[in-house]
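Visitor: Structure provided below as structure tokens; questions to follow.
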Amino acid sequence: MVSRFIFSLVLLAFAFLTGCKNLERDNPLDPENEKSLTYSAVLVEAFVNTAHPSPYNRWALESLRNLQEKYYADFIVCEYHRDLQVDTTVYDDPYNTPDNQTVFQLLQDRYVSQHNDVPRGVPDVYLNGAQYRFSGTYNAQSLRQQVEPLFLQQISQENYFALQPEITFINDTTLQVKCLVAGLGMHVVEQKRLRVIFLKKEWDKAWGLHLNVVTKLVWPGIPVPDIKKGAYKTVDAGRFHFKDLPDRVVVALVSDDELTVYQTRYTDVGKQ
Amino acid sequence: MKKAFYFLNLIFLIFSACQGVNDLFNPKHQPQLSEEGVVVSQDQVMPQDTILAKITATNPLDGPLEFTWYADGGNFMPPTDQDSVFWIAPVKGGLYHLWVTVGNSDGTTESPKRQILVVSTSKPVVNILHPSENAYFTVGQTIAVDVKAEHANGIALVNLYVNGRLQAKSDQAANQIYTFQLTLDDGMVGKTVLKAEAIARNQMASKGTDSITILVGGIVAGGNEQR
């Protein structure tokens, strides 16, 4: 009786292993699938000021809002709200904190350095890092008209980097952020960083606009260890403390110099 | 005696070999032209106008002089073998030249070329080469506006208008291109029309224009600037 049971067990194991051997790795998101790839989402970083009376920033935000409503998860808007002058309160943006200003400026200056024709100012909008810059607006549609063709071009490209953010509530004021990173289509992940951006959704009464305010930017990005073909790793970005928890966490895989964004994903904190 | 004979033969050979030996012994006496050269009734005319051109020549030899008139445009009214001739200006304006050769039995003498300006009635050809139509810029940027202006009579002045307002003038060109440096301001936000107007260097001051529209975005300078 026992020998028959053992024999059956061995036979079952054999059949199972044989079946596993023939299992095709055709999952498009499987890093070991040579043909695996994923879709691109575009990171839109907008340096804006909502205190200055000129309409340029409002026009920019209206354009971005329209595109976000149209393309939803593929069009990820992060607004870096800037003061205009560091040592006055003139036109200080109500959605910015002094702590953020230095960090925001480091990022904007790095982007501006790639486009010297226009100095630093607001609105100043970038697509997937410093690759595309859009400075200024002349009506509520102008930025949309400029951005949309390039955005469509970006999302039509095959993307070989997978990101999967994992947000854990530690307590009412603390979040733990981790992110699974993989190179698809047998691509390695080398010399990359993980940019982590925390967003708070605000409703601006004066302008009648929903805003995606960056409340914290991890700068510089967290170095991502090199990942071999067909492998993945989880990057632990650490624990982050807030007075008021953010509504959304955006993660982006960026180049070591922070100028190029390869892939972006987000998780809404309230939906955890 | 023999030495003298050989020496004379040598001298003769040397002179014979020289091209100008005949001149030396038989100098030519070609016609001589007055210092003022070709005299014209007008040196600036409208297309199809007729002018009288005249040359004063003297013949050091006996016999008649032969006159042959030339021009690099337009037409002569016959007769064209006299010391004066009527020349009809061409339709196309520009700089033209008249000259004459005067001959006698010893050869011909050519006059210096006399310049005639034929006023072009056409408008200057104007093209804004840079920036391109619908190019986008932001407030605060200084852009180069390159205007190519051509006219048969030359260009006296090029004016640059921004949204109908005269912004700058230039009479300095490099290879027919007039360059203006334009700093964009808040008043230009939106569609801004750049118009270049070229004025020809002629009696009529013919004008030619070209216009383009550029897009100017408003931007607030700064972002944590120190005061």
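Sequence lines, in order, name chains Y and X.
Note that my numbering has the first sequence beginning at 19, numbered continuously upward.
Note that my numbering has the second sequence beginning at 4, numbered continuously upward.
Note that CB positions come from ideal geometry on N, CA and C, so glycine has one too.
Predicted model, so just to flag it, every value in this text is computed and none were measured.
Leaving out five residues on either side along the sequence, give the residues of the same chain with a beta carbon under 8 Å from the beta carbon of L187/X.
Guide: Cβ within range, chain order: F140, T141, V142, G143, Q144, T145, I146, T195 and V219.
Visitor: Does the structure place the region 266-282 of chain Y close enough to the region 141-156 of chain Y that three or more beta carbon pairs sit under 8 Å?
Guide: Output reads yes: the region 266-282 of chain Y touches the region 141-156 of chain Y.
Visitor: Using DSSP with H/G/I as helix, E/B as strand and the rest coil, what is S87/X?
Guide: In this structure, S87/X counts as strand in the three-state DSSP scheme.
Visitor: Output needed for H133/Y: all residues of its chain with C-beta closer than 6 Å, excluding positions within five of it in sequence on either side, in chain order.
Guide: R151.
Visitor: In three-state DSSP terms, what is Q206/X?
Guide: Correct three-state label for Q206/X: coil.
Visitor: According to DSSP, is I58/X helix, strand or coil?
Guide: Coil at I58/X, not helix or strand.
Visitor: Can you tell me the Cα-Cα spacing of I217/X and L217/Y, whole angstroms?
Guide: Each residue's Cα considered, the two are about 36 Å apart.
Visitor: Are the CB atoms of Y284/Y and R257/Y nearer to each other than 7 Å?
Guide: Going by C-beta atoms, Y284/Y is not nearer than 7 Å to R257/Y.
Visitor: According to the Cβ coordinates, are I91/X and T53/X closer than 7 Å?
Guide: Their beta carbons are under 7 Å apart, which means I91/X touches T53/X by this criterion.
Visitor: Is the number of C-beta pairs between the region 134-143 of chain Y and the region 237-254 of chain Y that are closer than 8 Å three or more?
Guide: At 8 Å Cβ cutoff, the stretches do not touch.
Visitor: Suppose contacts are defined by Cβ-Cβ distances below 7 Å. Is P141/Y in contact with N75/Y by that definition?
Guide: Cβ atoms of P141/Y and N75/Y: closer than 7 Å.
Visitor: Rounded to the nearest angstrom, what separates Q209/Y and T278/Y at their Cα positions?
Guide: Approximately 12 Å, taken between the alpha carbons.
Visitor: Take every Cβ of the region 93-103 of chain Y, pair it with every Cβ of the region 60-67 of chain Y, and state whether three or more of those distances are shorter than 8 Å.
Guide: Enough Cβ pairs lie closer than 8 Å, so yes.
Visitor: Here's the rule I'm using: 16 or more other beta-carbon atoms within 10 Å means buried, otherwise exposed. How should R211/Y be labelled?
Guide: With 16 or more other Cβ atoms within 10 Å, it is buried.
Visitor: Report buried or exposed for V94/X, applying the criterion of at least 16 other Cβ atoms within 10 angstroms of its Cβ.
Guide: That one is exposed.
Visitor: Given this structure, state the Cα-to-Cα distance separating P34/X from Q45/X, to the nearest angstrom.
Guide: Each residue's alpha carbon lies about 26 Å from the other.
Visitor: Checking 7 Å against the spacing of the C-beta atoms, do A159/X and R204/X come in under that value?
Guide: Yes; because the gap between Cβ atoms is below 7 Å, this pair is in contact.
Visitor: Tell me the rounded alpha-carbon separation between L64/X and V42/X.
Guide: Going from the Cα of L64/X to the Cα of V42/X covers about 24 Å.
Visitor: Three or more beta-carbon pairs under 8 Å between the region 171-191 of chain Y and the region 216-235 of chain Y, yes or no?
Guide: No: the two stretches stay apart, fewer than three of their Cβ pairs being nearer than 8 Å.
Visitor: With L125/Y as the anchor, note down where its alpha helix (DSSP H) starts and where it stops.
Guide: Residues P116 to V130.
Visitor: Where K210/X and N114/Y are concerned, what is the direct C-alpha to C-alpha distance, given to the nearest angstrom?
Guide: Roughly 55 Å separates the two Cα atoms.
Visitor: Going by DSSP, what residues sit across from L98/X in a beta bridge?
Guide: The partner list for L98/X (beta bridge, DSSP) reads L120/X.
Visitor: Give me the Cβ distance between L36/X and T111/X, rounded to the nearest whole Å; I'm assuming they're in contact under 8 Å.
Guide: Not a contact, Cβ separation roughly 11 Å.
Visitor: Here's the rule: buried if 16 or more other CB atoms are within 10 angstroms of the residue's CB, otherwise exposed. What is P127/X?
Guide: Counting Cβ neighbours within 10 Å, P127/X comes out buried, since at least 16 surround it.
Visitor: Please go through the same chain and pick out, in chain order, the residues whose beta-carbon is closer than 6 Å to the beta-carbon of Q182/Y, but skip the five residues on each side of it.
Guide: Counting only Cβ-Cβ distances below 6 Å, and skipping sequence neighbours, we find L198.
Visitor: Could you tell me which chain Y residues have their CB closer than 8 Å to the CB of T216/X, listed as they occur along the chain?
Guide: By Cβ distance, chain Y contributes nothing, its closest Cβ being about 12 Å from T216/X, past 8 Å.
Visitor: In the structure shown, what three-state DSSP assignment does Y113/Y receive?
Guide: Three-state DSSP puts Y113/Y in coil, outside helix and strand.
Visitor: What runs of the beta strand (DSSP E), each 3 residues or longer, lie entirely inside the region 98-174 of chain X?
Guide: The qualifying runs are 110-113, 117-121, 128-133, 139-141, 145-153, 158-165 and 168-173.
Visitor: Against chain X, with Cβ distances strictly below 7 Å, would Y90/Y count as a contact?
Guide: For Y90/Y, the answer is no, since every Cβ of chain X falls outside 7 Å of its Cβ.
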